[in-house]
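**Student:** This is the structure I want to talk about, given as structure tokens.
There are 2 protein chains.
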Amino acid sequence: MPSLSVPPPKCLQKPLVVPHHHMFGPGPSNVPPRILEAGANPVIGHMHPEIFEIMSDIKSGIQYMFQTQNKMTLAVSGTGHTAMECAIFNTVEPGDSVLAAVNGIWGERAAEMAERIGAKVNTIVAPPGGYLTNTDIEKALSKHRPALFFLAHGESSTGVLHPLDGIGQLCHKYNCLFLVDSVASIGGTPLYMDQQEIDILYTGSQKVLNAPPGTAPISFSERACQKVFNRRTKPVSFFLDLNWLANYWGCDDKPTRVYHHTGPVTAFYSLRESLAVLAEEGLENSWERHETVAEYFHAGLESMGLKLFVKEKVRKPTLTRLPTVTTIVAPYGYDWKEIMSYIMKTHNLEISGGLGPSVGLVLRVGLMGCNSSKANVDMVLAALRDALKHCHRSKV
Amino acid sequence: MPSLSVPPPKCLQKPLVVPHHHMFGPGPSNVPPRILEAGANPVIGHMHPEIFEIMSDIKSGIQYMFQTQNKMTLAVSGTGHTAMECAIFNTVEPGDSVLAAVNGIWGERAAEMAERIGAKVNTIVAPPGGYLTNTDIEKALSKHRPALFFLAHGESSTGVLHPLDGIGQLCHKYNCLFLVDSVASIGGTPLYMDQQEIDILYTGSQKVLNAPPGTAPISFSERACQKVFNRRTKPVSFFLDLNWLANYWGCDDKPTRVYHHTGPVTAFYSLRESLAVLAEEGLENSWERHETVAEYFHAGLESMGLKLFVKEKVRKPTLTRLPTVTTIVAPYGYDWKEIMSYIMKTHNLEISGGLGPSVGLVLRVGLMGCNSSKANVDMVLAALRDALKHCHRSKV
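Respectively, the protein sequence lines represent chains W and Z.
Okay, so the first sequence: first residue is 1 according to our numbering, each after it adds one.
Okay, so the second sequence: first residue is 397 according to our numbering, each after it adds one.
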């Protein structure tokens, strides 16, 4: 036996130290002790009857959160990006036409994913902070005749809550599947998968749900399943193949489950707990709370002289500011990075800069799930006020 | 606002109940409290300096476990199957020739993954429980001239520990990358990535490491990186694209890290802790312990009249029985499913049946990481003895 050429690393002799921060960026959000503790339960097998029961509870919780009766509802063993690939890999075949609404980073990423697997991709672009009208969308659907239309409901890079009403119906008029990314929005603002005729909907565990990142709820309509299960080619990923996932999650009609992959069982525990918390509060109460807190926050920002990046503020039901992630125009004359660091250092509070098209233009504050409270708003406003007082300001 | 059509599910009103089992199947294995507790630390951002330090510690821990100096060493945000796809997606382009050694389920799955992305796949097959000689392998390399050769080091479906010596050198003689699956073996038996000239090596967190499933260590040699970073086409997966992962893990030379995906931070905590445990014990001690316990277990099984599925038992260094997962020939005249259920019900102890080519032929017992002890062997032997006394035996 040869001797070891790599010695045990010294850095691992130090104990793990994890600080507590107020996680008020666009995600992950804070995880309450109840959910963290759920995840610290003992590991059981990924094919035990007990885990199948937990997965079945998760499925019911997702159906509630998504407001869907879809049998094909499950959680992908990965983060939001895995769900995004799961949606695209299963519904798109090489040569299919895909249309992506781009009004921030998520549309760009969906377009890139579809391109990588050989789809013909077209985009319709809204300016950062803006959104598309149903007329824009119908024009593009009629021109490109896509098999799939992607739209981010909560565009966390720009702070836009995209209106959804009527788009599913338009897609179906043009024989197109409607794929919606609700990672940053769901649970914090109304969404009705079935009534809004959304064909594929996914989210992540680490936003409004307040679970650790690592699982991603997803659901497929009957119409989406028709396409998925009548493909000519196999999806590029075995791991994300819905035929296998459906069986593992008991969503098909087969009498037994076949080993596919080792599900992240402890992440399933915390996901189940986070869905239980949401069910206890009730979706409508959660929506109402996020909206009330967001209005309080936005009013507070404006009374400090700060500007919101998403200009239009129409009354319900066409609210276009995300109640979960707020984009604030980067205060004139300041270095936004300095503000972020100052607030983290002085107030132990994470807020974030822009992402993709909003880099340099905005500060982003996420108040999601348990973090959405007036007390937290007061904390953020005080931190911002303090930062504007103490950070460097150019004399321009 | 329409009203809710799906009410809060009643099943989520019941508290989460997770039983404790002795996890002596082929994985996941039991997670000691120290590692579970690490995973229950507060969530911090996936781009915080603190998480980058934890990721850097993980990288060092993997380099130690793998015995490699590879800069391109990281953990994929997913289970072993994700790492398998990460390895194949990044190193294989459509039309590339891939050779997979099939002596159980893992080779079949690697072949399927490569086929899905358009590779020309050939296999060399060893009978279940057997293994391939270097002469077999060289013949196949010379015939098929693959760009990548896949081999499972620990074939957990059959219980074979495949010899590795000399294969890396053969691959390189034929200008082929050597990809090794060490999910079930690493940490429990000697493996030297650099000295054995392995180009891509991966494992999972839930076996010898005793962390919850959900992260998968992986490493790429300089030679593998040459191929990955000089591809003509983009890998099919954005999420698993090594260009992005390398940057997120600080393995490239870029000064800043760009947001790719939200890493499962709490799973990183427990992975780090599990690597610290391994470094504390020391690799050589861990190998020695697994081997001693396996020999004690195998002797105990044979003294009960049970037979081991892997026939050949040659002395080191060509040991071909996995010390981590033992395959026992299904006892003649019994229903293997009844034995499994009896042992779970009566002794609260998970053992498993066969998988893929070994279904119906074997019982599988995994004793990995903290589970590898003589006390646990005694527990398993007593349970088996009891099961053989009480389960139904046909009169044939």
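For every residue, glycine included, the Cβ atom is placed at its ideal position computed from N, Cα and C.
On a predicted model such as this, the values are computed, not experimentally measured, just so you know.
Can you tell me whether E790 of chain Z is helix, strand or coil according to DSSP?
**Tutor:** Per the sequence shown, residue 790 of chain Z should be read as Ser rather than Glu. Reduced to three states, the DSSP call for S790 of chain Z is coil.
**Student:** State yes or no: is the beta carbon of C391 of chain W nearer than 8 Å to at least one beta carbon in chain Z?
**Tutor:** Answer no: the Cβ-Cβ gap between C391 of chain W and chain Z never drops below 8 Å.
**Student:** May I have a chain-ordered list of the beta strand (DSSP E) segments no shorter than 3 residues that lie completely inside the stretch 418–487 of chain Z?
**Tutor:** Listed in chain order, the complete beta strand (DSSP E) runs (minimum 3 residues) inside the stretch 418–487 of chain Z are 468–472.
**Student:** Could you confirm whether any beta carbon from chain Z is found closer than 8 Å to the beta carbon of R315 of chain W?
**Tutor:** The pLDDT assigned to R315 of chain W is 49, lower than 50, so where the model puts this residue is not dependable; a value taken from the coordinates is nonetheless given after this. No - not a single Cβ of chain Z is within 8 Å of the one on R315 of chain W.
**Student:** By DSSP, does V208 of chain W sit in helix, in strand, or in coil?
**Tutor:** DSSP places V208 of chain W in coil when its eight states are reduced to three.
**Student:** Give a yes or no on contact between the stretch 361–379 of chain W and the stretch 162–173 of chain W, applying the rule of three or more CB pairs nearer than 8 Å.
**Tutor:** Touching, no.
**Student:** Quick one, which of W:K389, W:H392 and W:L384 has its alpha-carbon nearest F24 of chain W's?
**Tutor:** Taking only the C-alpha atoms, the option nearest F24 of chain W is W:L384.
**Student:** Within 10 Å of its beta-carbon, does P317 of chain W have 16 or more other beta-carbons around it, so buried, or fewer, so exposed?
**Tutor:** At P317 of chain W the pLDDT is 45, less than 50, meaning the model places this residue with poor confidence and gives no usable figure here.
**Student:** For P398 of chain Z and Q196 of chain W, I'd like the C-alpha separation in whole angstroms.
**Tutor:** Taking the straight line joining both Cα atoms gives about 10 Å.
**Student:** Apply the 10 Å Cβ neighbour rule to K467 of chain Z and answer buried if 16 or more other Cβ atoms are within range, or exposed otherwise.
**Tutor:** The residue in question, K467 of chain Z, is buried, as its Cβ has 16 or more Cβ neighbours within 10 Å.
**Student:** Our contact map puts A184 of chain W next to S205 of chain W with C-beta atoms below 8 Å; I'd like the distance itself, whole angstroms only.
**Tutor:** Their Cβ separation, rounded to whole angstroms, is 13 Å, which puts A184 of chain W and S205 of chain W out of contact at 8 Å.
**Student:** Just mark K227 of chain W as buried or exposed, buried being the case when its beta carbon has 16 or more other beta carbons within 10 Å.
**Tutor:** Buried, because 16 or more other Cβ atoms sit within 10 Å of the Cβ of K227 of chain W.
**Student:** Taking Cβ to Cβ, would you say L381 of chain W is nearer than 8 Å to G305 of chain W?
**Tutor:** No. Outside cutoff.
**Student:** For the beta strand (DSSP E) containing D595 of chain Z, list its first residue and its last residue.
**Tutor:** That residue, D595 of chain Z, is in no beta strand (DSSP E); it is neither H nor E in DSSP.
**Student:** Give the residues of chain Z in contact with F239 of chain W, contact being defined as C-beta atoms less than 7 Å apart.
**Tutor:** Neighbours of F239 of chain W on chain Z, chain order: H477, T478 and E481.
**Student:** Rounded to whole angstroms, how far is the Cβ of H417 of chain Z from the Cβ of N681 of chain Z, which I believe are closer than 8 Å?
**Tutor:** That pair is no contact at about 27 Å.
**Student:** Would you mind working out which of Z:H540, Z:L528 and Z:C572 sits nearest L557 of chain Z, comparing C-alpha positions?
**Tutor:** Among Z:H540, Z:L528 and Z:C572, the Cα nearest to that of L557 of chain Z belongs to Z:L528.
**Student:** Alpha carbons only, please: which of W:H261, W:H260, W:V359 and W:S270 is nearest the one belonging to P660 of chain Z?
**Tutor:** Answer by Cα proximity: W:S270.
**Student:** If you draw a straight line from the C-alpha of D335 of chain W to the C-alpha of S352 of chain W, how long is it?
**Tutor:** Going by the C-alpha atoms only, they are around 13 Å apart.
**Student:** Going straight from the alpha carbon of P94 of chain W to that of G514 of chain Z, what length do you get?
**Tutor:** Rounded to whole angstroms, P94 of chain W to G514 of chain Z spans 12 Å at the Cα level.
**Student:** List the DSSP bridge partners of P217 of chain W.
**Tutor:** Paired residue(s): W:A75.
**Student:** Cβ closer than 9 Å: which chain Z residues qualify as neighbours of D181 of chain W?
**Tutor:** Within chain Z, no residue comes near D181 of chain W; the closest Cβ sits about 14 Å away, beyond 9 Å.
**Student:** Are the Cβ atoms of V92 of chain W and E446 of chain Z separated by less than 8 Å?
**Tutor:** No, these two residues do not count as a Cβ contact at 8 Å.
**Student:** Restricting to runs no shorter than 4 residues, where is the alpha helix (DSSP H) found entirely within the stretch 488–544 of chain Z?
**Tutor:** Listed in chain order, they are 501–512 and 530–540.
**Student:** Spatial neighbours of D241 of chain W within its chain, please: C-beta separation below 6 Å, excluding the five flanking residues on both sides.
**Tutor:** So the list reads P235, once near-sequence residues are dropped.
**Student:** Using a C-beta cutoff of 8 Å, does A147 of chain W count as contacting chain Z?
**Tutor:** A147 of chain W does not count as touching chain Z.
**Student:** How about V310 of chain W and T320 of chain W: do their beta carbons lie closer than 8 Å?
**Tutor:** Their beta carbons are under 8 Å apart, which means V310 of chain W touches T320 of chain W by this criterion.
**Student:** Applying a beta-carbon distance threshold of less than 7 Å, which residues of chain W neighbour C647 of chain Z?
**Tutor:** Per Cβ cutoff of 7 Å: no residues; C647 of chain Z is ~16 Å from chain W at best.
**Student:** Could you list which residues in chain W have their beta carbon closer than 9 Å to that of H686 of chain Z, in chain order?
**Tutor:** What H686 of chain Z touches in chain W: nothing, since even the nearest Cβ is about 14 Å away.
**Student:** Between Z:E449, Z:V673 and Z:H786, which has its C-alpha nearest P405 of chain W's C-alpha?
**Tutor:** Only positions 1 to 396 of chain W appear in this structure, which leaves residue 405 of chain W out of reach.
**Student:** For the putative contact between N606 of chain Z and N426 of chain Z, defined by C-beta atoms under 8 Å, what is the C-beta separation to the nearest angstrom?
**Tutor:** The Cβ separation is near 7 Å, so the contact holds.
**Student:** Which value, in whole angstroms, describes the spacing of the CA atoms of T478 of chain Z and H46 of chain W?
**Tutor:** Using only the alpha carbons, I get a separation of about 16 Å.
**Student:** Taking 8 Å as the CB-CB limit, is E295 of chain W close to chain Z?
**Tutor:** So, not an interface residue.
**Student:** From the DSSP output, read off the bridge partner residues of V725 of chain Z.
**Tutor:** V725 of chain Z is bridged to Z:V758.
**Student:** Quick check on DSSP: helix, strand or coil for P713 of chain Z?
**Tutor:** Since pLDDT at P713 of chain Z reaches only 45, below the 50 mark, its modelled position is unreliable, and no value is offered.
**Student:** On a Cα-Cα basis, can you pick out the residue from W:A100, W:I58, W:K139 and W:K143 that is closest to H153 of chain W?
**Tutor:** Per the Cα distances, W:A100.
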